[in-house]
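K.L.:
Below is a structure I'd like to ask you about.
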């Protein structure tokens, strides 16, 4: 059977065995109730989750002045360029909690986890997170990309002043 999967900004086709089990959200398993899809509603729900985690202290209690933070996010292949994507909302909410707890911008690292995907060029990745940082004065200072291929493929982008 031929199936198409979301891949980056488009679709990727794949030929799979007819015996493949297919999971389709909302069809094979019921979807949970949908949140309103505006920024404020999604941000409030995300912030409530961050402030009330299961089995651990809230982020704000773990963070503080002088602490270093790494936020790992998937690469651009996983999508998430729409204005209210989970990536943009979650990064903004996490940064707000971290900065409120006293973590400094210079101590925050956004790590693009590319898995086995090749390292994307900077212009291709920036839209996946930069708008989520615009609500504060400046984005995190460092944003490296890494692949699972070898440690020598790790690299770092330097974000110019004011994230421009």
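In this note's numbering, the protein residues as written are 144 to 307.
We put the CB at the ideal spot given by N, CA and C, even for glycine.
(1) I'd like to know whether the C-beta atoms of residue 246 and residue 188 end up nearer to each other than 8 Å.
(2) Just checking my contact of residue 185 with residue 237 at CB under 8 Å: how many whole Å lie between their CB atoms?
(3) Kindly identify the DSSP beta-bridge partner or partners of residue 157.
(4) Pull up the distance between the alpha-carbon of residue 228 and that of residue 177, whole angstroms please.
(5) Per DSSP, what are the beta-bridge partners of residue 217 in this structure?
(6) In terms of DSSP beta bridges, what is residue 168 paired with?
(7) Buried or exposed, going by whether 16 or more other CB atoms sit within 10 Å of the CB of residue 166?
(8) From residue 194 to residue 158, what distance separates their C-alpha atoms?
(9) If distances are taken between C-alpha atoms only, which option among 169, 254, 233 comes closest to residue 212?
P.N.:
According to the structure shown:
(1) no
(2) Not confirmed; about 14 Å, so no contact.
(3) 146
(4) 14 Å
(5) 256
(6) 172
(7) exposed
(8) 43 Å
(9) 254
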